[in-house]
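Engineer: Mind looking over this structure? Questions follow.
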Amino acid sequence: MKVIVIGSTLAGTYAVQQIMNSHPDTEITIYEKNDNVSFINSGISMFLAGDVNELTDLFEVEPKALTDLGVTIKLKTPVLKVDAENKTIQARDLKTGETIKDTYDKLIVTTGSFPILPPIKGIDSEKVMLARSWYDAKKLADVSKDGNTVAIVGAGYIGVEIAEAYSRIGHQVILFQASGQVLRKYHDVEYSDEIVKDLEHNNVKVVLEETVTEFEDAGDKVIVKTNKGVYSANHAIVSVGSSPSSQLLNGIVDLGKSGEVLVDEYMRTSHPDILAAGDVASSYDNPAQREVYIPLGSTAVRQGTILGMNIIENRMKYIGTQASSGLQLYGVTTVTTGLTKTNAIKNGIDAEKVVMRTVYPLTTEEGTTDEDVLITLTYRKDNQRIIGGQMRSRADVSQTVNTLSVAIQNNMTLGDLAYVDQLLESSDRPFNILNFAAQFALNNEVNSNSKGK
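The opening position of the sequence shown corresponds to residue 0 in numbering that gives the first Met the number 0, with each subsequent residue numbered one higher.
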């Protein structure tokens, strides 16, 4: 069988490795527009801060690891056209200018996503950069040596993490967010407000509810103009989100409202011989119970692997996502899974939440201490089914949220979680923190119902 893969993204490389492990006789050719494969852009901030020593460490695999499996890789060779009826693609070798025509039995599209560029005057200035590719990372690394002021537009994960990275190495940072909340897609305001406090405590000026309208070059400075004020920096970074790179399949397969390629539970598109995964594809949001566009690395890895398993026959279903994600800023871990109450309501779900502060054990070389932890559970009011949760602490609470993700995946209710069997951590902690949170929510429900009578 002959397989063509368009895009050596995270999803693409995982799909290829799975196919070659399961079906080593498969003939696979990867077409990649860049001269590198599988760059993990979420690690750019770690490189800037010095947590990752070499930029090359942010490649998931080296090309040789794939060619050793028998895969052909054509770098700097973008695909220009897909002819699904005749099962052919047309590509161009940017090194030679040659036009290439190739055939396939199965086509895998893992082209990822591209950064959204807002309509800001002067955004094409050399002092305005992105934080997406390996080339972007090299430019940002050069800027990081200057010790100057950096303006960042967009307070999503990438913007916030890069703001932290620059502040840790001595830069002045201005972080702009058009809405009144950082990370608003992922966290409730209780968490966003705490993150803002951490940023501002570490020399990051957070500017909320201001829309950047213009970048103006001024010698070695760039003037950042908003609808409310004027700011000065040496460089600016724009990171306001991404869109699926699905243009090649426009009119060939079904696309979602954000332009994502709609796939079924086996990662197949509406065309029987075309599959897709990762940032270009849709995901099934389990708590919202609908297809959505959620470009996350964890989703790309799972979808790519499952796609590879299903290349010949339907063997493994993709069971959807809770969009679990998180970050660590200045030693504090903030994690989320499922829906916030705000997002649940936007999805037409009558939801409620409880917010609880308690303590969580943190074990270090010096011993074990109790660290404050903020925990939120979001649940449906009609049946008390858990649909989301968030946690924040200096202790590592990431595995606890992973457990909560499994609870959401399996449609557990507050009652289920309140007394589900968990390891007895110690005699003074007979219940796990998730048990306590669910019990707290149940007590709130009882008190609320009593007041309503």
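The beta carbon of each residue, even a glycine, is placed where N, CA and C say it ideally should be.
Ordered along the chain, which non-local residues of its own chain (more than five positions away) have a Cβ less than 6 Å from that of Ser166?
Structural biologist: Within the sequence shown, the letter at position 167 stands for residue 166. Non-local C-beta neighbours of Ser166 in its own chain, meaning closer than 6 Å and more than five positions away in sequence, comprise Val172, Asn201, Asn202, Val203, ordered along the chain.
Engineer: Using three-state DSSP, classify Gln421 as helix, strand or coil.
Structural biologist: On the sequence shown, residue 421 is found 422 positions in, with the first residue counted as 1. Coil at Gln421, not helix or strand.
Engineer: Let me know the secondary structure DSSP gives Gln383 once reduced to three states.
Structural biologist: Counted from its first residue, the sequence shown places residue 383 at position 384. In the structure shown, Gln383 sits in coil (DSSP, three-state: anything other than H, G, I, E or B).
Engineer: Starting from the Cα of Arg131, find the closest Cα among Glu365, Ile18, Val239 and give me that residue.
Structural biologist: Within the sequence shown, the letter at position 132 stands for residue 131. Nearest option by C-alpha distance: Val239.
Engineer: Is the beta carbon of Ala14 closer than 8 Å to that of Leu306?
Structural biologist: Residue numbering aside, residue 306 sits at position 307 when the sequence shown is read from its first letter. Residue numbering aside, residue 14 sits at position 15 when the sequence shown is read from its first letter. In contact: Leu306 and Ala14 (Cβ atoms closer than 8 Å).
Engineer: Does the beta-carbon distance from Ser392 to Gln321 come in below 8 Å?
Structural biologist: By one-based count along the sequence shown, residue 392 stands at place 393. By one-based count along the sequence shown, residue 321 stands at place 322. Going by C-beta atoms, Ser392 is not nearer than 8 Å to Gln321.
Engineer: Taking the C-alpha atoms as reference points, what is the distance between Arg356 and Val400?
Structural biologist: Position 357 of the sequence shown, counted from the start, is the residue given in the question as residue 356. Position 401 of the sequence shown, counted from the start, is the residue given in the question as residue 400. In a straight line, the C-alpha of Arg356 is about 15 Å away from that of Val400.
Engineer: With Gly296 as the anchor, note down where its alpha helix (DSSP H) starts and where it stops.
Structural biologist: Locating residue 296 in the sequence shown gives position 297, where the first residue counts as 1. Note, Gly296: alpha helix (DSSP H), 296-308.
Engineer: Let me check you understand the geometry: is the CB of Ile119 closer than 7 Å to at least one non-hydrogen atom of the ligand GTP?
Structural biologist: By its list of ligands, the structure shown contains no ligand whatsoever, and the ligand GTP lies outside what it can speak to.
Engineer: Hey, out of Lys80, Leu328, Phe435, Leu106, whose CA is closest to Lys100's CA?
Structural biologist: The sequence position of residue 100 within the sequence shown is 101, counting from 1. It is Lys80.
Engineer: Note down the Cα distance separating Val108 from Gly325, rounded to an integer number of angstroms.
Structural biologist: As a position in the sequence shown, residue 108 is number 109, starting the count at 1. As a position in the sequence shown, residue 325 is number 326, starting the count at 1. One C-alpha to the other measures close to 27 Å.
Engineer: Pick from Lys380, Asp371, Thr332, Lys316: whose alpha carbon is nearest that of Gly347?
Structural biologist: As a first step, residue 347 is located in the sequence shown; it is residue number 348 there, counting from the start. It is Lys380.
Engineer: Using alpha carbons as the reference points, say which of Leu261, Asp216, Thr55 lies closest to Ala136.
Structural biologist: In the sequence shown, residue 136 corresponds to position 137, counting from 1. For Ala136, the nearest C-alpha among the options comes from Thr55.
Engineer: Output needed for Gln176: all residues of its chain with C-beta closer than 6 Å, excluding positions within five of it in sequence on either side, in chain order.
Structural biologist: Translated into positions along the sequence shown, residue 176 becomes position 177. Excluding sequence neighbours, Gln176 sits near Ala154, Leu207.
Engineer: Pull the bridge partners of Met390 from the DSSP assignment, please.
Structural biologist: As a position in the sequence shown, residue 390 is number 391, starting the count at 1. For Met390, which the question treats as bridged, DSSP gives the partners Val334, Ile374.
Engineer: Per DSSP, Asp101 is paired with what?
Structural biologist: The residue given as residue 101 occupies position 102 in the sequence shown. Beta-bridge pairing links Asp101 to Ile88.
Engineer: Would you identify the three-state DSSP class for Thr66, choosing helix, strand or coil?
Structural biologist: As a position in the sequence shown, residue 66 is number 67, starting the count at 1. DSSP places Thr66 in helix when its eight states are reduced to three.
Engineer: Where does Lys345 fall in DSSP's three states?
Structural biologist: Taking the first residue of the sequence shown as position 1, residue 345 is located at position 346. The answer is helix: DSSP assigns Lys345 an H, G or I state.
Engineer: Should the region 213-228 be regarded as contacting the region 120-134, the criterion being three or more beta carbon pairs within less than 8 Å?
Structural biologist: yes
Engineer: Below 7 Å CB to CB, which residues in the same chain sit around Val396 once its five sequence neighbours on both sides are set aside?
Structural biologist: In the sequence shown, counting from the first residue as 1, residue 396 sits at position 397. These residues qualify, in order along the chain: Thr332, Val334, Tyr359, Val372, Met390.
Engineer: Taking buried to mean at least 16 other C-beta atoms within 10 Å of its own C-beta, is Asn313 buried or exposed?
Structural biologist: Counted from its first residue, the sequence shown places residue 313 at position 314. The residue is exposed, with fewer than 16 neighbouring Cβ atoms inside 10 Å.
Engineer: Buried or exposed, going by whether 16 or more other CB atoms sit within 10 Å of the CB of Met266?
Structural biologist: On the sequence shown, position 267 is the one that residue 266 refers to. It is buried - the Cβ of Met266 has at least 16 other Cβ atoms within 10 Å.
Engineer: Using 8 Å for Cβ pairs, my map puts Ser244 next to Ser112. What's the rounded Cβ distance?
Structural biologist: Along the sequence shown, read from residue 1 onward, the residue named residue 244 stands at position 245. Along the sequence shown, read from residue 1 onward, the residue named residue 112 stands at position 113. With 8 Å as the limit, Ser244 and Ser112 qualify as a contact, their Cβ atoms being about 6 Å apart.
Engineer: Do you know whose CA, among Met0, Asn431, Gly387, lies nearest Val70's CA?
Structural biologist: Locating residue 70 in the sequence shown gives position 71, where the first residue counts as 1. In terms of Cα proximity to Val70, the closest of Met0, Asn431, Gly387 is Met0.
Engineer: Please work out which residues of its chain come closer than 8 Å, Cβ to Cβ, to Lys316, disregarding the five sequence neighbours upstream and downstream, and give them in chain order.
Structural biologist: In the sequence shown, residue 316 corresponds to position 317, counting from 1. Counting only Cβ-Cβ distances below 8 Å, and skipping sequence neighbours, we find Glu264, Tyr265, Ile305.
Engineer: Specify the secondary structure class of Ser21 as computed by DSSP and reduced to three states.
Structural biologist: Within the sequence shown, numbered from 1, the residue matching residue 21 stands at position 22. Helix, per DSSP.
Engineer: Quickly, what does DSSP pair Asn249 with across the bridge? List them, please.
Structural biologist: Indexing the sequence shown from 1 puts residue 249 at position 250. Answer by DSSP bridge pairing, in chain order: Val252.
Engineer: On a CA-only basis, which of Gln408, Ile407, Asn431 is nearest Ala417? Give me that one, please.
Structural biologist: In the sequence shown, the residue the question calls residue 417 occupies position 418. Nearest of Gln408, Ile407, Asn431 to Ala417, Cα basis: Asn431.
Engineer: Report yes if the C-beta distance between Thr341 and Ile407 is below 8 Å; otherwise report no.
Structural biologist: Counting from one through the sequence shown, the residue named residue 341 turns up at place 342. Counting from one through the sequence shown, the residue named residue 407 turns up at place 408. Cβ atoms of Thr341 and Ile407: not closer than 8 Å.
Engineer: Using alpha carbons as the reference points, say which of Ser191, Asn410, Lys224 lies closest to Ala287.
Structural biologist: Taking the first residue of the sequence shown as 1, we reach residue 287 at position 288. For the residues Ser191, Asn410, Lys224, the minimum Cα distance to Ala287 belongs to Asn410.
Engineer: Would a C-beta distance cut-off of 8 Å place Ile27 and Val4 closer than the cut-off?
Structural biologist: For the purposes of this step, residue 27 is identified with residue 28 of the sequence shown, where counting begins at 1. For the purposes of this step, residue 4 is identified with residue 5 of the sequence shown, where counting begins at 1. Contact: yes.
Engineer: Assuming Val260 and Ser281 form a contact by the criterion Cβ under 8 Å, report the distance between their Cβ atoms to the nearest whole angstrom.
Structural biologist: Taking the first residue of the sequence shown as 1, we reach residue 260 at position 261. Taking the first residue of the sequence shown as 1, we reach residue 281 at position 282. Right, the Cβ-Cβ distance comes to about 7 Å (below 8 Å), so this counts as a contact.
Engineer: Roughly how many angstroms lie between the CA atoms of Leu9 and Ala275, to the nearest whole one?
Structural biologist: Counted from its first residue, the sequence shown places residue 9 at position 10. Counted from its first residue, the sequence shown places residue 275 at position 276. Rounded to whole angstroms, Leu9 to Ala275 spans 12 Å at the Cα level.
Engineer: Terminal residues of the continuous beta strand (DSSP E) containing Gln327?
Structural biologist: The residue labelled residue 327 in the question sits at position 328 within the sequence shown. Taken as a continuous stretch (DSSP letters only), the beta strand (DSSP E) holding Gln327 covers 324-328.
Engineer: So, at 6 Å on beta carbons, what are the nonlocal neighbours of Glu370 in its own chain, with the 5 sequence-adjacent residues on each side left out?
Structural biologist: If you number the sequence shown from 1, residue 370 lands on position 371. Excluding sequence neighbours, Glu370 sits near Tyr359, Leu361, Ser392, Arg393, Ala394.
Engineer: Determine the extent of the beta strand (DSSP E) in which Ser231 is found, giving its start and end residues.
Structural biologist: Your numbering for residue 231 matches position 232 in the sequence shown. Taken as a continuous stretch (DSSP letters only), the beta strand (DSSP E) holding Ser231 covers 229-232.
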